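Quick note: the sequence shown uses our numbering, first residue 5, plus one each step.
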Amino acid sequence: RKPRTGRAHAVMTSHEMSATGTTESPVSSSRDPLTPPGMEKAAAPRAIARVGAEDQDTEGGCGTSCCTTFLIIFSVILCILFFPFSLIRIIKIVPEYQRAVLFRLGRIKDDEPKGPGMFFILPCIDAFITVDLRTVSFDVPPQKVLSRDSVTVNVDAVVYFRIFDPIISVTNITDAGRATRLLAQTTLRNILGGHTLSEILASRDAIQQLMQQQLDEASDSWGVKVERVEIKDVRLPQELQRAMAAEAEASREAKAKVIAADGELNASRALKEAAEVIAQSPTALKLRYLQTLTFIAAEKGSTILFPIPMDMMGPEMMGGDGAGGNQFFKPSHPAEPTTLSDI
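Here's what the structure looks like:
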């Protein structure tokens, strides 16, 4: 039988499982020690990768195994012959924030990546790829989005992600970082296209969380964990900004007029109640005039003429024939006749 290649060889189809009577998946259920809690499902692609490699070794026959053994022995002999110069090619070091995926004759050598620290390789037959495990951030280019209510807006965002499984990120996709960037652009357009402009402006946190969940689910098979998504800015067209500003200003003016009308209504009611109280006691009006005079007298450097209605003055203040009358308000000349009989 011709050997099958590719990672899909490890996944048995439903027809093959029914034919062989297999009811369990060939992937081991044990969680990878490097897999963070809550990400057990990401260990399946790694196990599938190793199962595919083992099947290829089995189906390759004795010839492939003998050739592999011969190359390993030959590489070891070369290292011994050129010792200690061969140590430059044998010893490799990766820092704490990186891991090395080791390939021997083009196949993954171990289930776990190498590092951090020092590890050894065989020249000519081993190769490795280093993967950075630190959190990476990138800006999503401004996307022109048509909202559900047919409003065009420009939205840009920032995404934070990291690689949690180096083997999957190397074997399952060519460039995990670039793929995540492209996926973030399309996801941003798709999510914002299903919301109205008011929802985009008011429910930004909910949209960010929804986008983070969708990106995390889509990139999980790449060994990528999307940690956070933030919408930086929502830019509206100039015409729409002016229209919204005019609408907001008109709304504020309407509210101000309503508040002013309510104030005048309350003030009129208060004045009516005050007039009823003053009407019951004429002295209260005099006291109010005196209080007003006191308030005005506090201002310095000014002369104020304050008129007082004559009906406020009682007989005792206007003067009279009695001895106790006030002479200040008596007229200085006799009164002129006002009727024909007086004339």
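We treat Cβ as the ideally placed atom computed from N, Cα and C, and that holds for glycine.
Please read these numbers as outputs of a predicted model, since none were measured by experiment.
Looking at the DSSP output, Ile167 sits in a beta bridge with Val228. Of the candidates Gln212, Leu196, Val135 and Glu277, Leu196 places its Cα closest to the Cα of Asn158.
Straight-line measurement puts the Cα of Asp114 at about 26 Å from the Cα of Val140. With fewer than 16 neighbouring CB atoms inside 10 Å of its own CB, Arg182 falls in the exposed class. Under the 8 Å Cβ criterion, the stretch 101–108 counts as touching the stretch 123–141, having at least three qualifying pairs. Rounded to the nearest angstrom, the Cβ distance from Val163 to Phe142 is 6 Å, consistent with a contact under 8 Å. Counting only runs that start and end inside the stretch 138–165, the beta strand (DSSP E) elements of at least 3 residues fall at 140–150. In the structure shown, the three-state DSSP call for Phe87 is coil. The criterion of a C-beta distance shorter than 8 Å is satisfied by Thr200 and Asp153. Here the C-alpha atom of Gln147 lies approximately 22 Å from the C-alpha atom of Met248.
If you ignore the 5 residues before and after Pro286, its C-beta comes within less than 6 Å of no other C-beta in its own chain. Here DSSP, grouped into helix, strand and coil, assigns Glu116 to coil.
In the three-state DSSP reduction, Leu109 falls in the coil class, being neither helix nor strand. DSSP places Gly198 outside both helix and strand once states are collapsed to three, so it counts as coil.
Under the three-state reduction of DSSP output, Thr184 falls in the helix class. With contacts defined by Cβ atoms closer than 8 Å, Arg103 and Pro170 form a contacting pair.
Take the alpha-carbon of Glu257 and the one of Glu243: they are about 21 Å apart. By the beta-carbon neighbour count (other beta carbons within 10 angstroms, threshold 16), Ser223 is buried.
For Met122, the CB contacts under 8 Å within the same chain, skipping 5 residues up- and downstream, are Ile95, Lys96 and Ile97 in chain order.
In this structure Gly227 does not touch Ile263 by the C-beta definition: roughly 60 Å separates them, more than the 8 Å allowed. Between Lys236 and Ala188, the C-beta gap is not smaller than 8 Å, which leaves the two residues out of contact. For Ile97, the uninterrupted beta strand (DSSP E) segment begins and ends at Ile95 to Val98. Setting aside the 5 residues that flank it on each side, Lys118 is surrounded in the same chain by Ala104 and Leu106, each with a C-beta closer than 6 Å to its C-beta; the list follows chain order.
One Cα belongs to Ala252, the other to Asn194, and the distance between them is close to 29 Å.
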